[in-house]
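First the structure, in the form of structure tokens, and then the observations on it.
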Amino acid sequence: MGSFIFKRSLQSVFSLLVLIVLVFFLARMTGSPADLYLPQDASAEIRHQFNEQFGFNDPLYIQFGHFLWGLLHFDMGQSLQFSRPAVDVVLQAFPTTLTLAAFTMPLVILVSVVTGSLAAFRPGGVFDRLASFISLIGASTPNFWVAIVGVLVFAVTLRALPTSGTGTPLHWILPVAVLMLRPTGVLVQVVRTSMMTALSSAYIKTARAKGVGSRAIVFVHALRNGLLPVITVASDQAAGIVNGAVIVETVFGFPGIGKLMIDSVMLRDFTVIQAAVLVTALAVFVINIIVDITYALVDPRIRYS
Amino acid sequence: MSFWKTIAVVTSTALIAPPNLASAQDATAVTIVLPAGPDRLDPCETPRSVIGRIIKQNVVETLVELDYDKHTTLPRLAESWEQTAPTEWVFKLRQGITFHDGTPFDAKAVIHSLERTNDPALTCITRTKYLDGTDVKATEVDAHTAKFTTKTAVPILPTLLAQLTISSVKTPKGEYTADPIGTGPYKFDHWTQGENVGLVRNDAYWGEKPVIDKATYVWRSESSVAAAMVETGEADLAFSIAPQDATNPETDKVYPNSDSALFRLSVDIPPLNDVRVRKAINLAIDRQAFLGSIISDKAELAMQQVGPSVLGFNANLKPWAYDPEQAKALLAQAKADGVDVDREIRMIGRPAMFANSNEFVEAAAEMLRGVGLNIKLDNLEMTQWLKMANKPFAEDRQPNIFLTMHDNNSGDAAFTAFFKYHSNGRQSELHDADLDALIVDAGTQSGAKRAEEYNEVFRRIYEDIVADVPLFHMVNYMRVGKRLDFTPTIANAVELQLARLKLK
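Protein chains in written order, with our numbering: chain D, 3 to 307; chain A, 251 to 754.
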């Protein structure tokens, strides 16, 4: 297991570097930040001064050299928009998104596993059809629309929840609910399919023949094998929560990394884009390692050594 | 805040905190929703609305203030001023004022603020947008008198100084500050990154004591959420909500935002180099039809790039009639004279330039196709759009109908005329020596003569040259909560003086 994790880490570091190089050069192909940060009628002299100050007058390879040198010293440069170190800006925003994800994912898994398993128990039954219908809607409804409708219904009409912002537990309900929708919709489908396969396998038939109860068959015997594909998809969904967070954070005014990334791309804040990509990629890498370990724990047949 | 700390705070709040919904705030405190949060709170960046709306005239004040209605300047930290020579102005400062940090407001503070703004280590917008090229310097005559000198005569120096905020000498030079220290009726209290900014009343203020004692600024980019916050009482005032969210006439107030939308035409390139084609384009767009449909019915038809609040605005120009038949006739005439009116013309828009701008360009393109023009529509992202907006223009570019928006909140046409229409202007497609001379001369005039010359500049552009297609002077909607007695004005495009908010 140890050597596997080491190998996977090396692979991830390589992927991370490729990603960072791509982000560095692609971002710089999109135009000069001076266009966005200075008034449109700023003189050529002031534009030159701005580019000089932030090193944008240097050839790209020099800029890249500075970037790599900084990276070696854990210095990702100054944020153009915040005039603070980019790493600080990103590390300040990241816990908010991580907290959103930490509330969302366990709920997603709990709801999906229970709903998907129950749906798989009687395929074609009323519960199965209802669960499939609702999960399809959840997986395909645009987040931003649900978020706005949620505000109109629960905040404006019912006055039960705050519209947006942070501060009390009530502020988390709408964002987490909206963020749950898509991954839950997808996972219910996956759990259902995977459980149906497991429930129709020979060992379940044997268990049934031996008189094992329905609940034990579903939640003890089938679930363990049915969970493997669920773990894979759940890890993808967890990594994809940053995408969902962009919408949720924008609508609900959560100062997380999703909104920060979008704002930084719009404002050509190169250093923040780079730092945000690096931190997010690291998080995805950690999630993948955790998934691999979980795989081994759930299915002892898998041997990494 | 670390991840685990955040979890701990949220969980513990869940256990002990009661729900905190609408209106749970002091009677004299307000919450204001902005479309975006500040990236810094530096006094030299107040011309940017994201910063100006929080700190300008609230925390940091200016020597003079603009009166948009009367096209003049009013005293603020300066009591009076006079031009003692063509390149020299003397300002008498108010006495007995102290900054929030206890340091006295005097000529040294004025000099410090100007030097800080002019420091090339910072790209202060006050300098880059307003003071660049003036070479303005300040010296101390005595503790309460400051003298400003400029390289050449600047007849509108007081107007320019309405943008220069004065901060304490303890505000460091050469670096942006997140702790503005001014003389204003409110003191900066806190800035929680990503969440809110707080101001508290300065009880030692030199002027009248404001009613509101505390202001919290939050930001929501989603207009419907911002509007809902005021609706539910979570906030008292929301800036710039989209027209489709301004559904409550009791709370939603319209105000001119100093932006003017227009199509710029590439006048050097066939077929747009023929004035008949440019006239035909103006005649073919039914501007009135947009008002009340996809553009607010409170917007006004534009005949020039500046609005009525700007000195130099020409009130005598008449809107183009919508006359597609005449447009077709002009195009036919041009075609008969060999002008290639069938050539593809590129109409360039920018998504979200204003509410419904995509729908606007699509409809406008269709109107132009209706009179027989060959229009190709492209919507460009901001930086690509900026590349096309500014010189150097591509040598081999297609004829363009370029959607642009100009924001002149300085109160003077100088910030439009040169930049947009002089041969050397960064966004000018014109090369007209007579017009250039007139623009330069108007810039050296003051008072009525200045207004008269700029009037003539805009008349020539509109009637003789037909350089562009003026569209609308735009408006914003502000949702003002039922607790407040407040009517927005054009000044709110860049500032919101909390002292002017009254409670009902």
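For glycine and all other residues, C-beta sits at the position ideal for the given N, C-alpha and C. Nothing here was measured: the structure is a model prediction, and the numbers come from that model.
Could you work out which residues of chain D lie near residue i, taking near to mean beta carbons separated by less than 9 Å?
| i | result |
| --- | --- |
| V468/A | S166, G167, G255 |
| R600/A | Result: empty, since nearest Cβ-Cβ is about 13 Å, beyond 9 Å. |
| T367/A | Result: empty, since nearest Cβ-Cβ is about 13 Å, beyond 9 Å. |
| F669/A | Q42, D43 |
On a CA-only basis, which of the options is nearest residue i? Give me that one, please.
| i | options | result |
| --- | --- | --- |
| S202/D | G187/D, V190/D, V220/D | V220/D |
| E487/A | Q494/A, K503/A, P493/A, E472/A | With the sequence shown as reference, residue 487/A is identified as Leu, and Glu is not the correct amino acid for it. Of the candidates Q494/A, K503/A, P493/A, E472/A, the one whose C-alpha sits nearest the C-alpha of L487/A is K503/A. |
| D714/A | D682/A, V690/A, R700/A | D682/A |
| T654/A | M724/A, T373/A, S559/A, V589/A | M724/A |
| V468/A | T399/A, V447/A, V480/A | V447/A |
| S166/D | K306/A, E481/A, F540/A, T384/A | E481/A |
| D691/A | V300/A, P405/A, F349/A | P405/A |
| E251/D | V25/D, G79/D, P97/D | P97/D |
| K420/A | T400/A, A335/A, P293/A | P293/A |
| P430/A | Y727/A, H394/A, Q307/A | Q307/A |
| Y572/A | E390/A, V719/A, T466/A, G444/A | V719/A |
| I264/D | M597/A, A403/A, S471/A, T497/A | S471/A |
| E365/A | L414/A, S516/A, A477/A, K637/A | L414/A |
| A412/A | T501/A, D317/A, G562/A | D317/A |
| N650/A | T334/A, K752/A, M597/A | M597/A |
| Q51/D | E329/A, A371/A, S363/A | A371/A |
| K568/A | A286/A, Y712/A, A698/A, E445/A | Y712/A |
So residue i contacts chain D; which residues on that side make the cut at Cβ distance below 7 Å?
| i | result |
| --- | --- |
| S471/A | T252 |
| Y704/A | Per Cβ cutoff of 7 Å: no residues; Y704/A is ~17 Å from chain D at best. |
| P370/A | Q51 |
| I375/A | P41 |
Starting from residue i, follow its DSSP beta bridges and name the residues at the other end.
| i | result |
| --- | --- |
| T312/A | T415/A |
| K387/A | T399/A |
| D453/A | Its beta-bridge partners do not exist; DSSP assigns none. |
| E338/A | A335/A, T399/A |
| W469/A | L284/A |
| P601/A | P601/A is not bridged to any residue. |
| D289/A | For D289/A, which the question treats as bridged, DSSP gives no partner whatsoever. |
Since I believe residue j is in contact with residue i (beta carbons under 8 Å), could you give me their beta-carbon distance rounded to a whole number of angstroms?
| i | j | result |
| --- | --- | --- |
| N566/A | Q554/A | Wrong, their Cβ atoms sit about 11 Å apart, outside the cutoff. |
| D43/D | R676/A | 6 Å |
| E311/A | I416/A | 6 Å |
| E609/A | I689/A | Rounded, the Cβ-Cβ distance is 35 Å, inconsistent with contact. |
| R303/A | V744/A | 7 Å |
| A687/A | G562/A | Actually they are not in contact, since the Cβ atoms of A687/A and G562/A sit about 16 Å apart, beyond 8 Å. |
| L551/A | F722/A | 6 Å |
Cβ closer than 8 Å: which chain D residues qualify as neighbours of residue i?
| i | result |
| --- | --- |
| Q677/A | Q42, D43 |
| P569/A | Neighbours of P569/A on chain D: none; closest Cβ ~26 Å, over 8 Å. |
| N640/A | D37, Q42 |
| G383/A | S45 |
| Y426/A | S85 |
| D289/A | Q83, F84, S85 |
Which chain A residues sit within Cβ distance under 7 Å of residue i?
| i | result |
| --- | --- |
| T282/D | Result: empty, since nearest Cβ-Cβ is about 14 Å, beyond 7 Å. |
| F76/D | Ordered by position in chain A, no residue passes the 7 Å Cβ test against F76/D, which lies about 18 Å from the chain. |
| A95/D | G444 |
At 8 Å on the CB atoms, spell out the chain A contacts of residue i, in chain order.
| i | result |
| --- | --- |
| F313/D | Because chain D here runs from 3 to 307, residue 313/D falls outside it and cannot be looked at. |
| R270/D | T633 |
| V158/D | A478, E481, T482 |
| I150/D | E472, S474, V475 |
| S266/D | Under the 8 Å cutoff, chain A gives no residues; its nearest Cβ is about 11 Å from S266/D. |
For residue i, go through chain A and note every residue whose CB falls closer than 9 Å to its CB, in chain order.
| i | result |
| --- | --- |
| G33/D | E631, M632, T633, Q634, L636, K637 |
| L154/D | S474, A478 |
| I48/D | P370, T373, R377, T378, D382 |
- Message: Does the contact criterion of 3 or more C-beta pairs under 8 Å hold for the segment 669-689 of chain A versus the segment 525-536 of chain A?
- Response: The answer is no - the segment 525-536 of chain A does not touch the segment 669-689 of chain A, with fewer than three Cβ pairs under 8 Å.
- Message: Is it the case that the segment 278-286 of chain D contacts the segment 127-135 of chain D, given that we only count it when at least three CB pairs across the two stretches are under 8 Å?
- Response: No, the segment 127-135 of chain D is not in contact with the segment 278-286 of chain D.
- Take every Cβ of the segment 588-601 of chain A, pair it with every Cβ of the segment 725-738 of chain A, and state whether three or more of those distances are shorter than 8 Å. Pairwise C-beta distances place the segment 588-601 of chain A out of contact with the segment 725-738 of chain A, as fewer than three of them are shorter than 8 Å.
- Should the segment 45-53 of chain D be called in touch with the segment 89-99 of chain D, which here means at least 3 C-beta pairs below 8 Å? With fewer than three CB-CB distances shorter than 8 Å, the segment 45-53 of chain D does not count as touching the segment 89-99 of chain D.
- Okay, do the segment 314-321 of chain A and the segment 378-386 of chain A touch, 3+ Cβ pairs below 8 Å being the bar? Result no; under three Cβ-Cβ pairs closer than 8 Å.
- Query: For the segment 145-152 of chain D against the segment 64-76 of chain D, are there 3 or more C-beta pairs whose distance is under 8 Å?
  - Reply: No contact exists between the segment 145-152 of chain D and the segment 64-76 of chain D.
- Task: Indicate whether the contact test is met: 3 or more Cβ pairs, each with one atom in the segment 110-121 of chain D and one in the segment 149-169 of chain D, closer than 8 Å.
- Result: Because the criterion of three Cβ pairs below 8 Å is not met, the segment 110-121 of chain D and the segment 149-169 of chain D do not touch.
- Query: Do the segment 232-240 of chain D and the segment 172-189 of chain D make contact, defined as three or more Cβ pairs closer than 8 Å?
  - Reply: When Cβ pairs closer than 8 Å are counted between the two stretches, the segment 232-240 of chain D is seen to touch the segment 172-189 of chain D, the count reaching three or more.
- Is the segment 362-376 of chain A close to the segment 334-354 of chain A, with three or more CB pairs under 8 Å? Put simply, the segment 362-376 of chain A does not touch the segment 334-354 of chain A. Fewer than three CB pairs are less than 8 Å apart.
- Message: For the segment 245-259 of chain D against the segment 49-67 of chain D, do three or more pairs of beta-carbon atoms, one drawn from each stretch, fall closer than 8 Å, so that the two count as touching?
- Response: Flag = no, the segment 245-259 of chain D and the segment 49-67 of chain D do not touch.
- Just checking, does the segment 116-130 of chain D make contact with the segment 214-231 of chain D on the three C-beta pairs under 8 Å criterion? Three or more Cβ pairs closer than 8 Å define a contact, and the segment 116-130 of chain D meets that threshold against the segment 214-231 of chain D.
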